[in-house]
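Residue 3 is where the sequence shown starts when you use the numbering used here, and the numbers rise one by one after that.
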Amino acid sequence: MEDNKKVIFSGIQPSGSLTLGNYLGAIKNWTNLQDEYNCYYCIVDMHAITVPKEPKDLRKNTLEVLANYVAAGLDPDKVTLFIQSHVSAHVELGWVLNCMTYYGELGRMTQFKDKSKKQENNNITAGLFTYPSLMAADILLYQTDLVPVGEDQRQHLELSRDIAIRFNNRYSETFVVPEPYISKVGAKIMNLQDPTSKMSKSDTNDNSYILLSDDDDSIRRKFKRAVTDSLGIVKLSDDQPGVKNLLGIYSKITGESVDNLVQKYEGKGYAEFKEDVAEIVVNELRPLREKRDDLLKNKDYLEEIYHKGAEKAENVARKTLRKVYKKVGFIPR
3 MEDNKKVIFS GIQPSGSLTL GNYLGAIKNW TNLQDEYNCY YCIVDMHAIT
53 VPKEPKDLRK NTLEVLANYV AAGLDPDKVT LFIQSHVSAH VELGWVLNCM
103 TYYGELGRMT QFKDKSKKQE NNNITAGLFT YPSLMAADIL LYQTDLVPVG
153 EDQRQHLELS RDIAIRFNNR YSETFVVPEP YISKVGAKIM NLQDPTSKMS
203 KSDTNDNSYI LLSDDDDSIR RKFKRAVTDS LGIVKLSDDQ PGVKNLLGIY
253 SKITGESVDN LVQKYEGKGY AEFKEDVAEI VVNELRPLRE KRDDLLKNKD
303 YLEEIYHKGA EKAENVARKT LRKVYKKVGF IPR
């Protein structure tokens with residue numbers, strides 16, 4: 003029975019083409035969870051507008067993320083796939099949680115500090131500052147047990163937990179307090195040119211990231227140019243972040259243990275190792291890319307998926323929101 007399954011919630015912003023990091027750090031993990039858990043996977047378009055977006059690009063990117071979800075193996079009959087803005091309970095609960103979140107907590111969020119540094123002070127929006135409260139609403143609406151998060155999102159999940167506990171203490175038990183679900187290998191895919199930084203499509207050097215839309219030759223070229231070091235030894239070491247990142251990518255895709263990979267490449271140079279990683283990524287992403295392109299030609303099917311997903315998500319979210327509204331003292335309509 004689905005009701006006995008634990009609930010998982012996660013989402014990705016439609017802020018441009020997805021990267022290999024999005025795929026290996028999130029979506030590929032999600033496909034492995036869909037039989038065991040009751041999963042809600044969202045396209046968080048409301049979070050995307052915390053920085054300016056071209057409307058036509060946002061619409062295009064939202065459909066592309068949905069197509070990537072399905073192409074990667076997420077089954078719309080097993081999981082709930084929906085667009086955040088289609089379920090208004092997210093912003094309604096978001097406001098209530100804004101009123102439960104302290105200014106100092108939001109000010110300490112590392113991602114806010116990083117993103118605000120990149121913008122002029124007078125262009126930083128209230129949405130960018132308060133979006134962790136909306137993220138908490140996203141999670142808590144579905145009585146989520148587990149949230150697959152990378153290390154960079156741990157702080158936001160901790161805040162979601164704090165808000166849930168604070169609300170429960172003030173108004174009585176209302177929300178499940180979510181726990182992180184973190185994959186051990188390859189959970190954070192690093193920049194190919196600066197392996198001490200996370201892979202990001204916002205990087206100015208396009209050799210630093212692999213996009214899911216990249217063709218085979220581009221993928222090979224980028225891995226050939228991937229930064230390693232001068233040691234020439236394939237081993238798992240924090241002193242060799244470039245090699246460690248490539249080992250994580252290889253292991254995540256093939257399921258082969260890092261220890262086995264280190265033995266496999268003993269006495270071999272980086273050139274062969276990087277070529278092999280490239281081919282593994284090419285073979286993994288090619289069918290995904292082809293299926294995604296086919297799905298994008300069938301807009302009616304994608305529309306059917308997000309309508310059905312929103313309807314299911316709305317039914318669950320409204321139950322939570324009604325409880326919250328009653329407990330804070332709002333008069334029912």
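Even for Gly, the Cβ is constructed at its ideal location relative to N, Cα and C. Predicted model, so just to flag it, every value in this text is computed and none were measured.
Less than 8 Å between the C-beta atoms of N70 and S17, yes or no?
Here residue 70 corresponds to residue number 68 of the sequence shown, with the count starting at 1. Here residue 17 corresponds to residue number 15 of the sequence shown, with the count starting at 1. Not a contact, by the Cβ cut-off of 8 Å.
CB-CB under 8 Å to M111, same chain, minus the five flanking residues each way: which ones, in chain order?
To locate residue 111, count along the sequence shown from 1; it is residue 109. Closer than 8 Å at Cβ, skipping near neighbours: P134, Q157, H158 and L161.
Start and end residues, beta strand (DSSP E) containing T322:
The sequence position of residue 322 within the sequence shown is 320, counting from 1. Counting along the chain, T322 falls outside any beta strand (DSSP E), though it belongs to the alpha helix (DSSP H) covering K301 to V330.
Going along the chain, which residues of its own chain have a beta-carbon closer than 6 Å to the beta-carbon of N193, five neighbours each way excluded?
Walking along the sequence shown from the start, residue 193 turns up at place 191. Closer than 6 Å at the Cβ level, and outside the excluded window around N193, lie S199, M201 and S210.
Alpha carbon to alpha carbon, how far is Q155 from I191? Give it in angstroms, no decimals.
Counted from its first residue, the sequence shown places residue 191 at position 189. Counted from its first residue, the sequence shown places residue 155 at position 153. Those two C-alpha atoms are separated by around 14 Å.
Look at the Cβ atom of T338, then the Cβ atom of N100, and state whether they are nearer than 8 Å.
This structure cannot settle anything about residue 338, because the visible part of the chain is limited to 3 through 335.
Just grab the DSSP bridge partners of F11 for me.
Mapped onto the sequence shown, residue 11 falls at position 9. Y42.
Tell me, please, which residues DSSP counts as bridged to L83.
By 1-based counting over the sequence shown, the position of residue 83 is 81. Answer is Y43.
Under the rule that 16 or more other beta-carbon atoms within 10 Å means buried, what is A228, buried or exposed?
Counted from its first residue, the sequence shown places residue 228 at position 226. Buried, by the Cβ-count rule.
Look up L214 in the DSSP assignment and say whether it is helix, strand or coil.
Here residue 214 refers to the residue found at position 212 of the sequence shown. The answer is coil: DSSP assigns L214 none of H, G, I, E or B.
Among V98, Y104, I141 and K55, nearest to Y43 - alpha-carbon criterion:
Stepping through the sequence shown from its first residue, residue 43 is reached at position 41. Closest option to Y43, Cα to Cα, is I141.
Decide if the stretch 228-247 is in contact with the stretch 261-274; the criterion is three or more beta carbon pairs, one per stretch, under 8 Å apart.
yes
Within the same chain, show all residues whose beta-carbon is closer than 7 Å to that of V326, passing over the 5 residues directly before and after it, in chain order.
By 1-based counting over the sequence shown, the position of residue 326 is 324. For V326, where only same-chain residues beyond five positions count, the Cβ hits under 7 Å are L95, V98 and T176.
Could you give the distance in angstroms between the alpha-carbon of Y104 and the alpha-carbon of N317?
Mapped onto the sequence shown, residue 104 falls at position 102. Mapped onto the sequence shown, residue 317 falls at position 315. Spanning the two alpha carbons is a distance of roughly 30 Å.
Taking only three categories from DSSP, how would you classify L148?
Translated into the one-based positions of the sequence shown, residue 148 becomes position 146. The answer is strand: DSSP assigns L148 an E or B state.
Counting only the same chain and skipping the five closest in sequence on each side, list residues whose C-beta sits under 6 Å from that of R163.
Here residue 163 refers to the residue found at position 161 of the sequence shown. The residues are V179.
Please say whether M137 and V93 have beta carbons closer to each other than 8 Å?
Mapped onto the sequence shown, residue 93 falls at position 91. Mapped onto the sequence shown, residue 137 falls at position 135. For V93 and M137, no; Cβs fall outside 8 Å.
Per the DSSP calculation, Y183 is bridged to which residue(s)?
As a first step, residue 183 is located in the sequence shown; it is residue number 181 there, counting from the start. Paired residues: P150.
At the level of alpha carbons, what is the spacing between N40 and I10?
Taking the first residue of the sequence shown as 1, we reach residue 40 at position 38. Taking the first residue of the sequence shown as 1, we reach residue 10 at position 8. Cα to Cα, the separation comes out at about 6 Å.
Between I51 and D261, what straight-line distance do the alpha-carbon atoms span, to the nearest angstrom?
For the purposes of this step, residue 51 is taken as residue 49 along the sequence shown, with counting starting at 1. For the purposes of this step, residue 261 is taken as residue 259 along the sequence shown, with counting starting at 1. Approximately 43 Å between the Cα atoms of the pair.
Assuming L263 contacts Y272 under a Cβ cut-off of 8 Å, what Cβ separation, rounded to an integer in Å, is found between them?
Taking the first residue of the sequence shown as position 1, residue 263 is located at position 261. Taking the first residue of the sequence shown as position 1, residue 272 is located at position 270. At roughly 13 Å, the Cβ-Cβ gap does not stay under 8 Å, so L263 and Y272 are not in contact.
Only counting runs of 3 or more residues, tell me where the beta strand (DSSP E) segments fall wholly within the stretch 48-96, in order along the chain.
82-85
Residues in the same chain with beta-carbon distance under 7 Å from I184, minus the five sequence neighbours each way, listed in chain order, please.
Position 182 of the sequence shown, counted from the first residue, corresponds to residue 184. Taken in chain order, the residues that qualify are V151.
Where does T198 sit, in a helix, a strand or coil, going by DSSP?
Along the sequence shown, read from residue 1 onward, the residue named residue 198 stands at position 196. Coil, per DSSP.
Can you give me the start and stop residues for the alpha helix (DSSP H) that L132 sits inside?
In the sequence shown, the residue the question calls residue 132 occupies position 130. The question names Leu, but residue 132 in the sequence shown is Thr. Start and end: A128 to L142.
Sub-8 Å separation of V46 and G75 beta-carbons:
Sequence index remark: in the sequence shown, residue 46 carries index 44 (1-based). Sequence index remark: in the sequence shown, residue 75 carries index 73 (1-based). Result no, Cβ atoms of V46 and G75 do not sit closer than 8 Å.
Please work out which residues of its chain come closer than 6 Å, Cβ to Cβ, to Q242, disregarding the five sequence neighbours upstream and downstream, and give them in chain order.
Within the sequence shown, numbered from 1, the residue matching residue 242 stands at position 240. Taken in chain order, the residues that qualify are D231.
Cβ separation of I333 and V283, assumed to be a contact under 8 Å, to the nearest whole Å:
Against the sequence shown, residue 333 aligns to sequence position 331. Against the sequence shown, residue 283 aligns to sequence position 281. The Cβ separation is near 56 Å, so there is no contact.
Go ahead and pull the three-state DSSP assignment for M3.
The residue you call residue 3 lines up with position 1 of the sequence shown. Legend: pLDDT at M3 = 39, less than 50; position of this residue unreliable, value from coordinates given subsequently. DSSP places M3 in coil when its eight states are reduced to three.
I need the boundaries of the alpha helix (DSSP H) containing S17, first residue and last residue.
Counted from its first residue, the sequence shown places residue 17 at position 15. No alpha helix (DSSP H) holds S17; DSSP gives it neither H nor E.
What residue does the alpha helix (DSSP H) around V279 start on, and which one ends it?
The sequence position of residue 279 within the sequence shown is 277, counting from 1. Y272 to L298 is the extent of the alpha helix (DSSP H) around V279.
For M192: DSSP bridge partner residues:
Counting from 1 along the sequence shown, the entry for residue 192 is found at position 190. In DSSP, M192 forms a bridge with K200.
Is the Cβ-Cβ distance between S215 and R291 less than 8 Å?
By one-based count along the sequence shown, residue 215 stands at place 213. By one-based count along the sequence shown, residue 291 stands at place 289. Contact flag set, yes.
Helix, strand or coil at G257 according to DSSP, with G and I counted as helix:
Within the sequence shown, the letter at position 255 stands for residue 257. Reduced to three states, the DSSP call for G257 is coil.
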